[in-house]
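**Q** This is the structure I have questions about; it appears just below.
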Amino acid sequence: MTPRFLLLTACTMVAVACAASERGFEQTADTPPATNAPGFSADAGQCTCSSGGKAVACEGQELRACPEGQRCFAGGCIEDACEAAKEKQSAEGCSFYTVVPDAYEGKQGCYAVFLTNTSPRPVDVKLRSEGLEVAGSDFVYLPKGSGNDIEYEPLPNGQIPENGLAIAFIAGPTSANGDYKSCPAQPAMKHARSQPQDFAPSSPWTGYVPSILLETSEPVVASDIYPYGGADSYVTGATILLPVNAWGKSYVSVTPPGTNFVDLIATDDDTEITLAPKTRPLGGADLVMPTEVGKTSSLWLTRDKAYHLVRIEDLTGLVLSGNKPFLVISGSRCWGAPCDAAHQQLPTVSTLGWEYAAVGHRDRLAPAPEDDSVGQCLNVPYTATCQCRPVSPETHEYRLVGTVDGTVLRYEPEAPPGAPKTIQAGQDVWIHSLEPFVVRSQDKRHPFFIAELMSSCAQIDPCGKRGCPGDPEFTTVVPTAQFLRNYLFFTDPTYPTTSLVVTRTRPEGGEFADVKLDCAGVISGWKPLTDRYEYTRLDLVTDGARQGGCDNGRHEMSSTQDFGVMIWGWGKDGILADGTTKSATGATSYAFPASRGLRPVNPVDIK
């Protein structure tokens, strides 16, 4: 067994975007319209922007072209889109902070960020970190082609073209580093620390690390991947990057199991963070004092540095609040068996929903094996003495965290076995379900958070007889109130299987609308979830084989009504992305929501 096989790779990459000005959130009795929401402004009423963002449109009819030098943004013509984005609180922005994720042994891999320009104008990019400033022409590239034929071309005139997608290679080696792959093009930095330079033996891996700032001249949507290289690389993880304009002052942490962490980033000096454990005590580490349940402790942040708090005890349910807006990144250095890493930038509490459609990925062993009865490995997995049977269908795991005491949960079409009926602030519960379901609380004043986890391939293929497809993964479930109508995303070309999960919404009194995928046209295969939601699953690539006209790479999806898209990808031993059998890609996987809204949808301020 190679070290790569012993590590279960988590989330990889998918670049995402939505032209949020075309979004038009559906309002319900419990979700009043917000004047800073996409598709709504006090002056424009329910007007949005036409395709391309060059004109104002109401009810789908183009009314007024924007003057030269202006663009449509949130239903009106403006000159400075970045200033407008600051008030909009969407996934679009011009300033993004991140860090090189801490993964397993802390070795240096290729860290990449995917930038999607949703504007009709070219975009300049700039990176800043620890006094370093790098222009986009030196580290940002245009991916051309699909599947394994993707090439990386320099930016024309050093800018991301209008409505274009680019890959920014932030940091990493230019030659292979053990199981980590090198960046395929010149990165901004050859090395960037994911762990503190000096940390106390009593507080391993905890302390300050460099933050990385990406600035753009026009609003973009960003997501990251670490390490870039996917199925044939080392442990992987990915997340949407939340623009500074979408940061908040109140969060509840959700992490995968294992040696988990939270990264805290501020844009202003003297930012005070209050840590309030709700259900389990917080152990002391470095600057963080031991804190009992019901008590609080404080931590001060300075701009341009991230505080990396690593603990063995579970950090899920920890409430973090600040006197100024800040960012929280959660994850795990090592979790599962075998060991893997993951990270997610967490949305602020005000953007959490009170209703979620939990639709898991398709069965990784589909079609089901002939001996599909559940069996147990009698000895050690992946050994010749292992006696067991593959498992299909597989159970999906969800982690639900409350933000308000007395939250009552209701399920459709029925509650999964053992699913809780109530949940308290900071309390977390696990839900295991074979079937998709919708869960909602009593109203918008009781929001909650759901994360989804893919199980280890050892649980569904204990002996590796089916190539050990996928492995533990940690990602966020998007609330239905944050579904969008347009998506632009990029799937990892190194994974032999890429599968989409699409959930669409029926407006009250209306009908379900078609959803279009650029490589497949109008998609089909819809199954009822409730009277308001339907879902379907479709592969872009299966075991290295293209499905119809689809392949890995850049894709667009659209509809006239709200829908959500989750992207899953996994490797399989004996199969590479091009269908060959040159190397093993089993025990690897990623998952990522294609994008999400980030507008405030509840009035809760948890502390």
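The sequence shown maps to residues -19 to -1, 1 to 588 in mature numbering (1 follows the signal peptide of the UniProt record, and there is no 0). Glycine included, every Cβ here is placed at the ideal spot set by N, Cα and C.
(1) Evaluate I293 with the Cβ neighbour count: other Cβ atoms within 10 Å of its Cβ, from every protein chain shown; 16 or more gives buried, anything less gives exposed.
(2) For N98, which beta-bridge partners are listed by DSSP?
(3) Apply the 10 Å Cβ neighbour rule to T283 and answer buried if 16 or more other Cβ atoms are within range, or exposed otherwise.
(4) Under the three-state reduction of DSSP, which class applies to D441: helix, strand or coil?
(5) Measure the Cβ-Cβ separation of T484 and Q325 and say whether it is below 8 Å.
(6) Going straight from the alpha carbon of Y468 to that of P200, what length do you get?
(7) Could you tell me the alpha carbon to alpha carbon distance between G545 and T472, rounded to whole angstroms?
(8) If you run the structure through DSSP and keep just helix, strand and coil, what is N583?
(9) So, for T9: in the same chain, excluding its five sequence neighbours on each side, which residues have a beta-carbon less than 6 Å away from its beta-carbon?
(10) So is A338 buried or exposed if we call it buried at 16+ other beta carbons inside 10 Å?
(11) Looking at I141 and V106, is the spacing between their C-beta atoms short of 8 Å?
(12) DSSP state of G449, grouped into three classes?
(13) Quick check on DSSP: helix, strand or coil for G578?
(14) Hey, G451 and M435 are a contact pair by Cβ (cut 8 Å); roughly how many whole angstroms apart?
(15) V309 and S234: beta carbons closer than 8 Å?
(16) From what residue to what residue does the beta strand (DSSP E) around Q326 run?
(17) State buried or exposed for G90, treating a residue as buried only when at least 16 other CB atoms are found within 10 Å of its CB.
(18) Taking the Cβ atom as the reference point for each residue, do A84 and Y207 lie within a distance shorter than 8 Å?
(19) Let me make sure I understand the geometry here. Which of T511, D524, P574 and G567 has the alpha-carbon closest to that of M538?
(20) To the nearest angstrom, how far is the alpha carbon of D285 from that of L195?
(21) Taking just the CA atoms, how far does G145 sit from C(-9)?
(22) Going by DSSP in three states, Q463 sits in which element: helix, strand or coil?
(23) Just reading off the beta strand (DSSP E) that L263 is part of, what are its end residues?
(24) Are the beta-carbon atoms belonging to R426 and E336 less than 8 Å from one another?
(25) Grouping DSSP H, G and I as helix and E and B as strand, with all else coil, what is D244?
(26) At which residues does the beta strand (DSSP E) containing N304 begin and terminate?
(27) State the start and end residues of the unbroken beta strand (DSSP E) segment that holds E114.
(28) Can you tell me whether V582 is buried or exposed? The criterion is at least 16 other CB atoms within 10 Å of its CB, across all chains shown.
**A** So, from the data block:
(1) Start at 1 with the first residue of the sequence shown, and residue 293 comes out as number 312. By the 16-neighbour rule on beta-carbons within 10 angstroms, I293 is exposed.
(2) The residue you call residue 98 lines up with position 117 of the sequence shown. Beta-bridge pairing links N98 to V201.
(3) Looking up residue 283 in the sequence shown gives position 302. Under this definition T283 is an exposed residue.
(4) Position 460 of the sequence shown, counting from 1, holds the residue named residue 441. Here the sequence assigns Ile to residue 441, which means Asp is not the residue at that position. In the structure shown, I441 sits in a helix (DSSP, three-state: H, G or I).
(5) The residue you call residue 484 lines up with position 503 of the sequence shown. The residue you call residue 325 lines up with position 344 of the sequence shown. Q325 is positioned such that its CB atom lies no closer than 8 Å to that of T484.
(6) By 1-based counting over the sequence shown, the position of residue 468 is 487. By 1-based counting over the sequence shown, the position of residue 200 is 219. Approximately 15 Å, taken between the alpha carbons.
(7) Within the sequence shown, the letter at position 564 stands for residue 545. Within the sequence shown, the letter at position 491 stands for residue 472. Approximately 16 Å, taken between the alpha carbons.
(8) Numbered from its first residue, the sequence shown carries residue 583 at position 602. Residue state, collapsed to three classes: coil.
(9) If you number the sequence shown from 1, residue 9 lands on position 28. Reliability fails at T9, whose pLDDT of 35 lies under 50, so the model's placement of it is uncertain and the value that follows must be treated cautiously. Apart from sequence neighbours up to five positions away, no residue of its chain approaches T9 with a beta-carbon distance below 6 Å.
(10) Within the sequence shown, numbered from 1, the residue matching residue 338 stands at position 357. Label assigned to A338: buried.
(11) Along the sequence shown, read from residue 1 onward, the residue named residue 106 stands at position 125. Along the sequence shown, read from residue 1 onward, the residue named residue 141 stands at position 160. Yes.
(12) On the sequence shown, position 468 is the one that residue 449 refers to. The displayed chain sequence assigns Cys, not Gly, to residue 449. DSSP places C449 outside both helix and strand once states are collapsed to three, so it counts as coil.
(13) The count along the sequence shown starts at 1 and reaches residue 578 at position 597. Coil.
(14) Within the sequence shown, numbered from 1, the residue matching residue 451 stands at position 470. Within the sequence shown, numbered from 1, the residue matching residue 435 stands at position 454. Beta-carbon to beta-carbon, G451 and M435 are separated by about 6 Å, close enough to satisfy the 8 Å threshold.
(15) As a working note, residue 309 is residue 328 in the sequence shown. As a working note, residue 234 is residue 253 in the sequence shown. Yes, they are a contact pair.
(16) Here the question's residue 326 lines up with position 345 in the sequence shown. Note, Q326: beta strand (DSSP E), D321 to Q326.
(17) Numbered from its first residue, the sequence shown carries residue 90 at position 109. Buried, since its Cβ has 16 or more Cβ neighbours within 10 Å.
(18) If you number the sequence shown from 1, residue 84 lands on position 103. If you number the sequence shown from 1, residue 207 lands on position 226. A contact, by the Cβ cut-off of 8 Å.
(19) Start at 1 with the first residue of the sequence shown, and residue 538 comes out as number 557. Considering only T511, D524, P574 and G567, the residue with the shortest C-alpha distance to M538 is P574.
(20) Your numbering for residue 285 matches position 304 in the sequence shown. Your numbering for residue 195 matches position 214 in the sequence shown. Approximately 12 Å between the Cα atoms of the pair.
(21) The sequence position of residue -9 within the sequence shown is 11, counting from 1. The sequence position of residue 145 within the sequence shown is 164, counting from 1. Interpretation of C(-9) is limited by its pLDDT of 35, a score under 50 that renders its predicted location unreliable; no figure is taken from the coordinates.
(22) As a first step, residue 463 is located in the sequence shown; it is residue number 482 there, counting from the start. Helix at Q463.
(23) Here the question's residue 263 lines up with position 282 in the sequence shown. Taken as a continuous stretch (DSSP letters only), L263 belongs to no beta strand (DSSP E), as it is neither H nor E.
(24) By one-based count along the sequence shown, residue 426 stands at place 445. By one-based count along the sequence shown, residue 336 stands at place 355. Not closer than 8 Å, so no.
(25) Within the sequence shown, numbered from 1, the residue matching residue 244 stands at position 263. Looking at D244 - three-state DSSP - the assignment turns out to be strand.
(26) For this step, residue 304 is matched to residue 323 along the sequence shown. Unbroken beta strand (DSSP E) run through N304: V300 to W316.
(27) Your numbering for residue 114 matches position 133 in the sequence shown. Membership of E114 in the beta strand (DSSP E) is indicated by the continuous run L113 to A116.
(28) Along the sequence shown, read from residue 1 onward, the residue named residue 582 stands at position 601. When all chains shown are included, V582 counts as buried.
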